[in-house]
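Visitor: Okay, here's the structure, questions in a sec.
There are 2 protein chains.
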Amino acid sequence: MASTCTSWSPLPCGFRRRWLVLKPMQQGALHAFFQRNPYPGIATRERLARELDIPVFRIQVWFQNQCTRQLRQS
Amino acid sequence: MASTCTSWSPLPCGFRRRWLVLKPMQQGALHAFFQRNPYPGIATRERLARELDIPVFRIQVWFQNQCTRQLRQS
DNA sequence: TTATAATATAATGAC
DNA sequence: GTCATTATATTATT
Chain G
1 MASTCTSWSP
11 LPCGFRRRWL
21 VLKPMQQGAL
31 HAFFQRNPYP
41 GIATRERLAR
51 ELDIPVFRIQ
61 VWFQNQCTRQ
71 LRQS
Chain L
1 MASTCTSWSP
11 LPCGFRRRWL
21 VLKPMQQGAL
31 HAFFQRNPYP
41 GIATRERLAR
51 ELDIPVFRIQ
61 VWFQNQCTRQ
71 LRQS
């Protein structure tokens, strides 16, 4: 396995990134896109990051969380 | 899906801690700080706790309540 | 009654 | 899956 510090995570191990709440407009855009494509490739994630002004790794985390939480709806 | 009693609440469920009224000086300091930073990290909360002589979890509760009070004025 | 301290839980960001 | 932080609803006390 790779080290616990993956390439897309700029923070050193053991430090938790500052909690940032997404703005409603950003959330709306992400939800809308997720409905169309839950598994965007790196190019798409980078485009979303530019358009919404969110770091790429946050986009990645958001889609990961969204996938797992979509599944436990029952 | 947080657990019932989260980490910032050291009392077991069903037990209510004693009501504590903040002194005017403590309230003033909290309000002043809140204006600068409504979401202090754990290190900052611990510093405030030391300086104002208030337990850390009460600091946390005050900031949470202050956020909702702020929102209700609109 | 109003203000606010305190409890509990849901939603969600980060890991 | 797990933990941490924020948001919100509610209860209780001064």
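Residue numbers (UniProt numbering), protein chains in the order written: chain G, 1 to 74; chain L, 1 to 74. The beta carbon of each residue, even a glycine, is placed where N, CA and C say it ideally should be.
Classify Leu20(L): buried if its beta carbon has 16 or more other beta carbons within 10 angstroms, exposed otherwise.
Guide: It counts as exposed.
Visitor: Alpha carbon to alpha carbon, how far is Ala2(G) from Gly28(G)?
Guide: In this prediction, Ala2(G) scores a pLDDT of 30, lower than 50, which makes its location untrustworthy; the coordinate-derived value is nonetheless stated afterwards. Going from the Cα of Ala2(G) to the Cα of Gly28(G) covers about 33 Å.
Visitor: Within the same chain, show all residues whose beta-carbon is closer than 7 Å to that of Ser7(L), passing over the 5 residues directly before and after it, in chain order.
Guide: Note on Ser7(L): pLDDT 38, under 50, position unreliable in the model; the coordinate value appears next. Within the same chain, Ser7(L) has no close Cβ partners at all.
Visitor: Whole angstroms is fine: what's the gap from Leu31(L)'s alpha carbon to Asn37(G)'s?
Guide: The sequence given here places His at residue 31(L); Leu does not occur at that position. Approximately 44 Å, taken between the alpha carbons.
Visitor: Can you have a look at Arg45(G) and say buried or exposed, based on whether 16 or more other CB atoms are within 10 angstroms of its CB?
Guide: Its Cβ being crowded by 16 or more others within 10 Å, Arg45(G) is buried.
Visitor: Report the three-state DSSP secondary structure of Asn65(G) (helix, strand or coil).
Guide: helix
Visitor: Could you have a look at Gln73(L) and say whether DSSP puts it in helix, strand or coil?
Guide: The answer is coil: DSSP assigns Gln73(L) none of H, G, I, E or B.
Visitor: DSSP on Pro12(L), reduced to helix/strand/coil?
Guide: coil
Visitor: The alpha helix (DSSP H) with Leu52(L) in it runs from where to where?
Guide: Boundaries of the alpha helix (DSSP H) around Leu52(L): Ile42 to Leu52.
Visitor: With 16 as the cutoff for other CB atoms within 10 Å, does residue 82(G) come out buried or exposed?
Guide: Shown here, chain G extends from 1 to 74; a query on residue 82(G) therefore has no answer.
Visitor: For the alpha helix (DSSP H) containing Leu30(G), list its first residue and its last residue.
Guide: Pro24 to Arg36
Visitor: Relative to the alpha-carbon of Asp53(G), which residue among Phe15(G), Arg16(G), Lys23(G) and Arg17(G) has its alpha-carbon at the smallest distance?
Guide: The shortest C-alpha separation from Asp53(G) is found at Lys23(G).
Visitor: What residues in its chain sit with their C-beta under 6 Å from that of Ile59(L), if we drop five residues either side in the sequence?
Guide: Short of 6 Å from the beta carbon of Ile59(L), and not among the five residues preceding or following it, lie these beta carbons of its own chain, in chain order: Arg45, Leu48 and Ala49.
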